[in-house]
Structures are given as structure tokens and as C-alpha cells.
């Protein structure tokens with residue numbers, strides 16, 4: 001896709017960041033799908049890789065976890081015991097900490113044109129789970145579930161809810177610094193990093209669109225953006241819908257028209 005000079009310069013900066021972070025590597029892959037950049041509300045820019053054509057060639061793994069854990073009052077078992085203590089953590093850049101198998105990386109290649117055609121274009125490929133690949137969420141679920149197994153076995157009395165990169169722990173007594181370090185160290189052994197700034201140990205806890213106190217659970221206020229102009233808009237809307245679909249009974253069939261846009 002043609003990029004303006006400003007966007008191409010931003011693309012070079014963002015690709016350099018991904019290369020330095022070890023998320024991509026130089027490539028000679030015959031695969032090649034386009035990239036583009038979009039501005040964030042913060043003033044920074046985001047690199048996007050259109051993997052639609054790759055996704056068309058890929059067999060879908062489907063959803064391993066067909067919904068979010070539901071609080072009391074909804075058609076599922078009670079989510080958490082009243083007045084128990086909660087620890088909520090987020091994993092930092094979860095997709096980018098999960099490596100792709102080396103035989104698969106060539107499929108996720110892209111080309112970065114030079115600025116003003118000063119030199120030949122360069123090609124790179126992702127070596128971690130790429131955003132926009134339709135099986136990345138499922139693979140993320142599998143990987144994090146595998147990383148949590150030793151913790152679940154060690155703390156059988158603890159309720160653990162895991163959805164993507166959000167993990168909630170619940171038990172009768174509070175979680176201290178030692179327990180938080182144990183969790184962080186165990187996940188780090190699998191390459192997963194806990195975001196320190198997103199560790200929640202006190203009420204109200206925010207988890208997957210819910211606000212949790214010692215005695216109540218209620219949904220956070222959700223505003224859905226329905227004016228769709230880019231692929232990123234569709235991805236954002238799909239993410240927002242996940243928070244409310246269990247409340248209003250949105251089915252996979254209802255989402256089918258949106259899924260076809262991804």
C-alpha cells in the first residue's frame with residue numbers, strides 16, 4: 001500500500017523499534033503482505049500489518065474459551081466468593097513474548113520501502129505472534145494456560161481466572177509481595193512478563209470489563225465506536241464487543257459480518 005513520506009518515515013522508526021526488540025528479523029521470504037501506520041490518540045504511531053491474505057490460507061483453530069468468566073446474576077456459575085481477596089495482573093505485550101515456530105515465520109513477512117527510493121526495499125518477518133493473525137489469540141490462550149499450570153498445581157485452593165493476558169487470582173487471605181514475586185518469577189521462566197504498573201491488590205479491581213469490590217460485581221461503562229473506516233477500527237470494535245456480549249447475548253452468528261472484515 002502506498003505510504004506518504006510522513007507515514008513512511010514513521011514506518012521506518014517503528015520497524016527499527018521492532019527489530020531492536022527482537023520481534024522481527026531480516027527476511028528473504030517469498031511471502032509479502034502490506035504494512036501501514038496509523039496515529040494514536042496519544043500522538044504516537046502504531047505499526048499495522050495486514051494479514052488478511054495470510055489468514056485466508058490458514059485453518060482457523062477456533063476459540064478455546066468461548067466467553068468471559070461471568071459474575072453472579074448471569075447464566076453461569078458464581079464467578080467469585082464474596083469477601084475473598086483478589087490479585088489481578090496483566091501480562092506485558094503478551095503476543096510479543098510468545099515465539100513463533102521457526103518454520104512458520106516466513107509466512108508473516110512484509111516489505112519496508114526505502115524513503116525516496118534511496119536504496120532497495122528491505123523485507124522482515126515476525127518471529128513472535130503477530131497481531132492480526134487470526135490464530136494469535138488462541139495460541140496466546142494456549143501458551144499462557146501452559147505457563148500457569150505449575151501455579152495452579154502449587155496453589156490448588158486458589159481460584160484462577162485466565163483470559164488472554166489478564167489473570168485474576170482469588171483466595172480467602174490476602175496476597176503478599178512474596179506471592180506476587182512467585183507468580184512473576186514462574187511466568188518469567190516461560191518468557192511472560194507481568195506489567196508492574198497493572199498489578200491490582202485492592203478494591204475496586206478492574207477485570208475484563210467488570211468492576212469488582214468485596215461484595216459486588218458490575219460492568220464498566222462501555223462505549224462502542226460504530227463508525228468503521230479502517231481495519232484497526234474493526235479490531236477495536238470487536239474487542240469492545242467482547243466485554244458486553246455475555247450481558248446481551250451476542251452470538252457468533254451475530255458477529256459473522258464483522259468477522260468477515262478482519
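In full-length UniProt numbering, the protein residues as written are 1 to 262.
Quick reminder that beta carbons are idealized off the backbone N, C-alpha and C, glycines included.
Three-state class that DSSP yields for residue i in the structure shown
i, result
"residue 96", "helix"
"residue 206", "strand"
"residue 234", "helix"
"residue 196", "helix"
"residue 187", "helix"
"residue 162", "strand"
"residue 255", "helix"
"residue 240", "helix"
"residue 91", "strand"
"residue 218", "strand"
"residue 180", "helix"
Local Cβ density within 10 Å of residue i, reported as buried at 16 or more and exposed below that
i, result
"residue 125", "buried"
"residue 263", "Absent from the model: residue 263. The displayed extent of the chain is 1 to 262, so no value can be given."
"residue 101", "exposed"
"residue 128", "buried"
"residue 252", "exposed"
"residue 58", "exposed"
"residue 149", "exposed"
"residue 116", "exposed"
"residue 146", "exposed"
"residue 208", "buried"
"residue 189", "exposed"
Residue i - partner residues in DSSP beta bridges
i, result
"residue 110", "124"
"residue 171", "85"
"residue 25", "125"
"residue 47", "37"
"residue 115", "BP columns for residue 115 are empty, so no partner."
"residue 212", "205, 217"
Residues of its chain near residue i, where Cβ-Cβ distance is below 8 Å and the 5 sequence neighbours each way are ignored
i, result
"residue 85", "170, 171, 172, 173, 174, 175"
"residue 237", "224, 225, 226, 228, 258"
"residue 239", "none"
Short CB-CB distance (under 8 Å) between residue i and chain B
i, result
"residue 43", "Among the protein chains of the structure shown there is no chain B, as only one such chain exists."
Segment limits, alpha helix (DSSP H) that includes residue i
i, result
"residue 146", "136-154"
"residue 157", "Run containing residue 157: none; DSSP gives neither H nor E here."
"residue 14", "5-20"
"residue 52", "52-56"
Cutoff 6 Å; reference residue i; Cβ partners in own chain excluding five residues on either side
i, result
"residue 23", "96, 128"
"residue 132", "49, 51"
Own chain residues within Cβ distance below 7 Å of residue i, not counting five before or after
i, result
"residue 234", "228, 258, 261, 262"
"residue 99", "127, 128"
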